[in-house]
Amino acid sequence: MRPQGPFLEKQLQEGGFDAVFKQGEPATIGDRLRMGETEVVWVQCGSINEPYDTFKSYHSKNSAPPGENYKGAVQGGRYENPEMDAIL
Numbered sequence: 077m078r079p080q081g082p083f084l085e086k087q088l089q090e091g092g093f094d095a096v097f098k099q100g101e102p103a104t105i106g107d108r109l110r111m112g113e114t115e116v117v118w119v120q121c122g123s124i125n126e127p128y129d130t131f132k133s134y135h136s137k138n139s140a141p142p143g144e145n146y147k148g149a150v151q152g153g154r155y156e157n158p159e160m161d162a163i164l
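With the sequence shown counted from 1, adding 76 to any position gets you this note's numbering.
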């Protein structure tokens with residue numbers, strides 16, 4: 077995220093968000109992400125030819141309350157949306 081981070085921060089700020097780019101420590105970011113100890117994280121590389129591999133991370137079954145280890149794919153945002161679940 078290093079190259080994109082400052083650019084994304086600027087775009088979010090221009091959109092009215094109070095965004096600050098912080099590069100996480102590689103040794104701890106995975107644990108912090110799994111336990112919900114982050115405000116916002118972008119760790120999605122995406123898939124090249126099959127979007128399902130990207131979007132499956134956002135299914136509610138992969139969410140958990142902050143402080144609990146999430147159950148599945150990289151889903152640090154703990155996103156839950158029944159309508160999105162039905163689409164996926």
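From the three backbone atoms N, C-alpha and C, an ideal C-beta is built for every residue, glycine too.
Thinking residue i and residue j are a contact (beta carbons under 8 Å), I'd like their distance in whole angstroms, please.
i                : j          : result
tyrosine 155     : serine 139 : 6 Å
phenylalanine 97 : proline 79 : Wrong, their Cβ atoms sit about 11 Å apart, outside the cutoff.
Closer than 7 Å by C-beta to residue i: which residues in its own chain qualify, once you throw out the five before and the five after it? Chain order, please.
i              : result
alanine 95     : Glu85, Leu88 and Gln89
methionine 160 : Tyr134
arginine 110   : Asn145 and Tyr146
How would you call residue i, buried or exposed, if buried means at least 16 neighbouring beta carbons within 10 angstroms?
i           : result
glycine 112 : buried
Between residue i and the rest of its own chain, which residues show a CB-CB distance below 6 Å, the 5 nearest in sequence each way excluded?
i           : result
proline 142 : Gly112
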